[in-house]
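Have a look at the structure below before the remarks.
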Amino acid sequence: MKFSTLLLLSFLLSTFAYSQNYKFGKVSKEELQEKVNPAYPDADATVLYREYKVYYSFQQSIGFTLNTEVYERIKIYNPEGYNWGTRGVKVYNYNEDREEISTIKGVTYNLVDGSIEKDKLGSDGVFEERINNYYKGHKFTMPNLKPGSVIEYEYKITSPFYSIDNVDLQYEIPIKKEFVEIKVPEFYVFRNYNNPQSNLSFQFDEESKDVKIEIRGRSGLGTVDYNSFGSDRNKGYGSRLVTYKEKKYTLDETNVPPLKDEGYVDNLDNYKAKSIWELIMINDPDGVPKPYATDWEAVTKSIYENDNFVNELNKTDYFQEDVATAIAGNDDPLSKMSVLLSLAKSKVKWNNGHGFFPEFGVRKAYKEGVGNSGDVNLMLISMLRSVNLNANPLLISTRENGIPVFPTRYGFNYVVAGVESGGKLYLLDATDPTSNVGLLPERAMNWQGRLIRPDGTSNWVGLYPNYTSKKLTYVQAEISNDIANIKVRERLGQHYAKDYRDKYANTNVESQIKGIDKNSEDVTISDFKVDELNTLKPNITRSYEAQSTSLVENLNGEIYISPMLFFARSENPFKEESRTYPLFFDYPKSHKFTITIKIPEGYKVGTIPTGAKANLTDDTISYTYLVQEAGTNLQVSVALEVNTPIIVAQDYEYVKSLFDLIVEKEKEKIVLIKA
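If you're matching positions, the sequence shown starts at 0 in numbering that gives the first Met the number 0 and goes up one per residue.
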């Protein structure tokens, strides 16, 4: 007990005894000398201190302006932590609505011969780029990073908007101390809550105080477009003193654990601790309060009725001739979808810009051959409608953007086409060269999207395919002089084919051979062929021959060989005892092996592995394994089927146990003995 108490005291001292001065420039030698994070020794870096402040400032003739100030001090332990020395900030910048970033300041500290050396962030380390028509990015890279460096930086964002961004409270590295302060005038009413998908939650302290400001002339709330305060609303030009309540929310936390990447995760950011700020009302001092909390129906209707959206959908003159030529004599709905999807891809290339509003406008994008997701897919929807297909916009949030928690137009950042035909809904995305009808790119398969119809109604639509993508592997093997000679033929369907095209289109044969998983076995590949790689047909076929000296083991005249050859799963990808996040398998899939192994002349079967069959509840995942003798051959049939792409964390132990079984079964050997 005494030892435990001393150990705890030592830990607390090591954590809190130094670095109590968090002012910019007050980095200590103790911080620079720290080799590892005492609580998380595997961390590549640690946030020593993070300060995040949000407040509204009042300016004459402008009104209230939203300000966000960020300051961070980070310890770098090793080269793997260098990526924390590059930070990026995105600000809205479109027409008159412009957020500004200012006062980017940074310093790298290193301990050299017992003295602290400083390297300031210079202008050559700060980069600005136009991300798209709506956003600018500011990126800065800290100078002279070394194992042991401490970096600190600060910046300020000034915004004409009144909505408060979500506040991240957790990173992929530990945070020793963080302080968050949000100050809100009474005119803006927010509801704040924790990310419901995180296993961490934090409670803000609240207090309020009176704030006085002097109003001269026609000043007001500014971002709310109101022009006066209180009973002085109609007094016009004049100077008056106004008092209002300001709410202050504070959070002071220590030792926030890192966000752990468990693998098979859709987007790790979905699960980080964060404070979500939902604007629910704006109180006009002399008017009717304006509620902002709404439902998804109202959100999607407001998007559809926006001139930048609906007007672009209604433009058709620029493509009519090309569409008429493309579908001439074609009356089949599915064929029309496929033809127009190909036409849209050929006419406008995606510029990697996200958005449901067009960046350039569909007509200009068509003429110049480039556009964002709004340009490309609103154009596609308009094309589909022009040939009497029931096509509508499907608003989604990409995996990178996360999952929208409450109804807001900012929860969506992308649009695809949804076509209702024959009682089915087909999803199309013309931004992706290898996509097809019903075959979305991975970025777009993120839970569900909102389908909007012209009458203003909308409903949620699942984004994962309702079919199973199949991969079939046929293998013939012979054993000669303790060498396995193998012929392989595979058919990759649907998303398997798309994944292969995404990875290997326009690559050479050597790259594709290198990509074959040999499970660390000594395998030589030859006669490699691939069919339909550069088409959009549903299946890709590849074949090759393989030769291996490591797959066959001869002990005292007995031959030992794995029934799965070099296709056996050698380790369980799920190693942790427990799991926090859902498991994502991308899409429903099935991989089946049919393997024939010819029994060498002069040998017979000694032992073969017993069969196995296992499945999780409701057949979310199933596995079958069977080895049997068939004349002079051994027949091996193995199938792994994932019928549900998302499996809740509560079922993790069953998934882990299933894969333990798979690994154990596929390790087993066939034993051939002298006849």
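Just so it is clear, CB atoms sit at the ideal spot from N, CA and C, and this is done for glycine as well.
Here the structure is a predicted model, which means the values were calculated and not measured.
Next item on the list: May I ask which residues mark the beginning and end of the alpha helix (DSSP H) holding F308?
Entry: Residue numbering aside, residue 308 sits at position 309 when the sequence shown is read from its first letter. It spans D306 to L312 - the alpha helix (DSSP H) in which F308 sits, taken as one unbroken run.
Item checked: Beta-ladder partner(s) of G417, from DSSP -> Here residue 417 refers to the residue found at position 418 when the sequence shown is read from its first residue. Its beta-bridge partners are N391 and L426.
Next item on the list: Could you tell me the boundaries of the alpha helix (DSSP H) in which P332 lies?
Entry: Reading the sequence shown from its first residue, position 333 is the one you call residue 332. Residues P332 to K346.
Notebook entry, point to check: For T222, which of helix, strand or coil comes out of DSSP?
Noted result: Residue mapping note: residue 222 aligns to position 223 of the sequence shown, counting from 1. Note that T222 has pLDDT 45, beneath the 50 cutoff, so the model's placement of it is unreliable and no number is given.
Notebook entry, point to check: Among residues of its own chain, excluding the 5 on either side of L660, which ones have a beta-carbon nearer than 8 Å to its beta-carbon?
Noted result: On the sequence shown, residue 660 is found 661 positions in, with the first residue counted as 1. Cβ neighbours of L660 beyond the five flanking positions: A611, A613 and Y622.
Margin query: Closer than 8 Å is the cut-off here; do at least three beta carbon pairs connect the segment 417–435 with the segment 340–347?
Written below: yes
Next item on the list: Evaluate V361 with the Cβ neighbour count: other Cβ atoms within 10 Å of its Cβ, from every protein chain shown; 16 or more gives buried, anything less gives exposed.
Entry: Walking along the sequence shown from the start, residue 361 turns up at place 362. V361 comes out buried.
Next item on the list: Look up R97 in the DSSP assignment and give the residues it is bridged to.
Entry: Here residue 97 refers to the residue found at position 98 of the sequence shown. According to DSSP, R97 bridges with N92.
Note to self: By the DSSP assignment, the beta strand (DSSP E) with R449 in it spans what residues?
What the structure shows: Taking the first residue of the sequence shown as 1, we reach residue 449 at position 450. Where R449 is concerned, the enclosing beta strand (DSSP E) stretches over Q447 to I451.
Check: Between the beta-carbon of A443 and the beta-carbon of I395, is there less than 7 Å?
Finding: Position 444 of the sequence shown holds residue 443. Position 396 of the sequence shown holds residue 395. Yes. Within cutoff.
Next item on the list: Starting from the C-beta of K344, find all residues in its chain whose C-beta is less than 6 Å away, skip the five residues before and the five after it, and write them out in chain order.
Entry: Along the sequence shown, one-based indexing puts residue 344 at 345. So the list reads A429, once near-sequence residues are dropped.
Checklist line | Those residues which DSSP pairs with W349 across a bridge | finding: Position 350 of the sequence shown, counted from the first residue, corresponds to residue 349. Per DSSP, G370.
Item checked: Burial state of S372 (16 or more Cβ within 10 Å) -> As a working note, residue 372 is residue 373 in the sequence shown. Buried, because 16 or more other Cβ atoms sit within 10 Å of the Cβ of S372.
Next item on the list: Consult DSSP for Y236 and reduce its assignment to one of helix, strand or coil.
Entry: Start at 1 with the first residue of the sequence shown, and residue 236 comes out as number 237. Unreliable positioning characterises Y236 in this predicted model, as indicated by a pLDDT of 49, which lies under 50. The coordinate reading is nonetheless provided below. If DSSP states are grouped into helix, strand and coil, Y236 belongs with coil.
Notebook entry, point to check: S547 bridges to which residues according to DSSP?
Noted result: If you number the sequence shown from 1, residue 547 lands on position 548. Paired residue(s): A483 and V522.
Checklist line | Buried or exposed (CB count within 10 angstroms, at least 16 for buried), Y466 | finding: Looking up residue 466 in the sequence shown gives position 467. It is exposed - the Cβ of Y466 has fewer than 16 other Cβ atoms within 10 Å.
Next item on the list: State the Cα-Cα distance for the pair D112 and L31, rounded to the nearest angstrom.
Entry: As a position in the sequence shown, residue 112 is number 113, starting the count at 1. As a position in the sequence shown, residue 31 is number 32, starting the count at 1. Computed Cα separation, rounded: 12 Å.
Margin query: Between the segment 296–304 and the segment 174–186, can you find at least three pairs of beta-carbon atoms closer than 8 Å?
Written below: no
Item checked: Three-state class that DSSP yields for Q319 in the structure shown -> On the sequence shown, position 320 is the one that residue 319 refers to. Helix at Q319.
Item checked: Local conformation of A272 per DSSP, three classes -> Here residue 272 is taken as the residue at index 273 of the sequence shown, counted from 1. Note: A272 maps to coil in three-state DSSP.
Check: Looking at I485 and A476, is the spacing between their C-beta atoms short of 7 Å?
Finding: The residue you call residue 476 lines up with position 477 of the sequence shown. The residue you call residue 485 lines up with position 486 of the sequence shown. Yes; because the gap between Cβ atoms is below 7 Å, this pair is in contact.
Checklist line | Secondary structure of R568, DSSP reduced to three states | finding: For the purposes of this step, residue 568 is taken as residue 569 along the sequence shown, with counting starting at 1. Looking at R568 - three-state DSSP - the assignment turns out to be coil, as it is neither helix nor strand.
Item checked: alpha helix (DSSP H) segment containing T656, residue limits -> Along the sequence shown, read from residue 1 onward, the residue named residue 656 stands at position 657. Sequence check: residue 656 is Ser here, not Thr. Unbroken alpha helix (DSSP H) run through S656: Y651 to K666.
Next item on the list: Give me whichever residues DSSP pairs with V125 in a beta bridge.
Entry: Here residue 125 refers to the residue found at position 126 when the sequence shown is read from its first residue. In the DSSP output, where bridge partners are listed per residue, V125 has F139.
Note to self: Suppose you measure from the CA of N675 to the CA of F355; what does that come to, to the nearest Å?
What the structure shows: The chain is shown only over 0 to 674; residue 675 falls outside these bounds and no answer can be derived.
Notebook entry, point to check: Going by alpha carbons, who is nearest to S577 out of E557, T616 and V647?
Noted result: Within the sequence shown, the letter at position 578 stands for residue 577. Here the closest residue by C-alpha is V647.
Margin query: Check for me: the beta strand (DSSP E) holding K536 runs from which residue to which?
Written below: Here the question's residue 536 lines up with position 537 in the sequence shown. Here K536 belongs to no beta strand (DSSP E), and DSSP marks it neither H nor E.
Margin query: For a quick check, are the C-beta atoms of G124 and K89 less than 7 Å apart?
Written below: The sequence position of residue 124 within the sequence shown is 125, counting from 1. The sequence position of residue 89 within the sequence shown is 90, counting from 1. Going by C-beta atoms, G124 is not nearer than 7 Å to K89.
Check: How about K502 and S589: do their beta carbons lie closer than 7 Å?
Finding: Along the sequence shown, one-based indexing puts residue 502 at 503. Along the sequence shown, one-based indexing puts residue 589 at 590. No.
Notebook entry, point to check: Hey, out of N94, M141, I130 and P257, whose CA is closest to Y81's CA?
Noted result: Stepping through the sequence shown from its first residue, residue 81 is reached at position 82. Comparing Cα-Cα distances from Y81 to each of N94, M141, I130 and P257, the minimum goes to M141.
Check: Can you tell me whether DSSP reads M444 as helix, strand or coil?
Finding: As a position in the sequence shown, residue 444 is number 445, starting the count at 1. In this structure, M444 counts as coil in the three-state DSSP scheme.
Checklist line | Reduced DSSP secondary structure (H/G/I, E/B, other) of M280 | finding: One-based indexing of the sequence shown puts residue 280 at position 281. Note: M280 maps to strand in three-state DSSP.
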